[in-house]
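See structure below.
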Amino acid sequence: MAARLTLPELLAMVDAMRLRGWRVASLLVNIAVGTRILAANAAEPAGAELYRRYCASCHGVAAQGDGPVAKELRKAPTDLTTIAQRAGGRFDEAAIMAVIDGRRAVAAHGPREMPVWGAIFDAELTDQPYTQYTTLLRAKVLAEYLNSIQR
Ligand code: HEC
Numbered sequence: 087m088a089a090r091l092t093l094p095e096l097l098a099m100v101d102a103m104r105l106r107g108w109r110v111a112s113l114l115v116n117i118a119v120g121t122r123i124l125a126a127n128a129a130e131p132a133g134a135e136l137y138r139r140y141c142a143s144c145h146g147v148a149a150q151g152d153g154p155v156a157k158e159l160r161k162a163p164t165d166l167t168t169i170a171q172r173a174g175g176r177f178d179e180a181a182i183m184a185v186i187d188g189r190r191a192v193a194a195h196g197p198r199e200m201p202v203w204g205a206i207f208d209a210e211l212t213d214q215p216y217t218q219y220t221t222l223l224r225a226k227v228l229a230e231y232l233n234s235i236q237r
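Under my numbering, the first residue of the sequence shown carries the number 87, and numbering increases by one thereafter.
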């Protein structure tokens with residue numbers, strides 16, 4: 087049964103758990119359980135689904151930086167299949183989550199072409215309970231998806 091959960095179902099389940107009194111302290115446990123459920127859903131990986139919806143336009147369906155919008159940008163979207171390769175073989179999931187969220191970007195890095203997904207997801211989810219939690223979960227699921235497609 088768990089293996090059939092889609093992302094919206096998972097998020098609804100997470101909300102339900104939290105309504106029953108789950109607190110911030112259980113956040114990481116929740117995420118660990120949630121992502122394991124998502125990982126088990128091989129037929130319809132939620133990370134891939136989110137990626138297609140929000141990221142493929144720039145980074146390309148195969149994530150190699152060649153989406154249809156890429157040529158309109160001043161800076162080329164990164165090839166997201168070589169993140170680990172460019173970092174000496176290590177995929178730093180927390181760092182990638184922070185890049186995706188984007189709200190703690192360092193000004194010294196210059197203007198960013200990449201949308202600030204943390205703010206976009208928050209705005210999109212604003213009518214739902216636990217907006218920030220869901221935004222965090224999305225960044226996590228996306229980072230895990232990217233990790234799974236490293237070359
Ligand atoms: C509007 C085009 C656009 C969209 C849509 C987009 N990106 Fe990006 N992304 C970029 C650009 C351009 C860069 C290069 C850095 C910069 O200029 O901000 C980048 C950089 C990145 C990086 C840093 C890679 C590295 O090795 O440093 C990650 C990770 C990333 N994007 C993930 C995502 C994810 C996940 C999504 C979907 C939620 C997404 N991007 C959607 C344009 C986009």
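Think of the CB as a built atom: it goes at the ideal place given N, C-alpha and C, for glycine as much as any other residue. Small disclaimer: the values here were computed from a predicted structure and weren't measured.
So residue i is in the alpha helix (DSSP H); what residue range does that whole segment cover?
i	result
Lys157	Lys157 -> no alpha helix (DSSP H), and no H or E assigned at all.
Thr221	Thr217 to Ser234
Glu199	Premise fails: Glu199 is in no alpha helix (DSSP H) and is neither H nor E.
Gln171	Ile169 to Arg172
Val147	It is not in any alpha helix (DSSP H) - Val147 carries neither H nor E in the DSSP assignment.
Residue i to residue j, Cα distance in whole Å?
i	j	result
Pro197	Glu135	28 angstroms
Lys161	Gln171	20 angstroms
Val202	Pro215	21 angstroms
Gly188	Cys141	14 angstroms
Asp213	Phe207	11 angstroms
Thr221	Val227	10 angstroms
Going by beta-carbon coordinates alone, are residue i and residue j separated by less than 8 angstroms?
i	j	result
Tyr183	Ala225	First, the residue type needs correcting, since residue 183 is Met and not Tyr in the sequence shown. Yes, these two residues count as a Cβ contact at 8 angstroms.
Ile186	Ala156	no
Leu223	Ile169	no
Thr167	Ile235	yes
Leu159	Glu210	no
Please classify residue i as buried or exposed, where buried requires at least 16 neighbouring CB atoms within 10 angstroms.
i	result
Ala205	exposed
Val147	exposed
Under 7 angstroms: does the beta carbon of residue i sit that close to some heavy atom of the ligand HEC?
i	result
Ser143	yes
Pro154	no
Thr212	no
Lys161	yes
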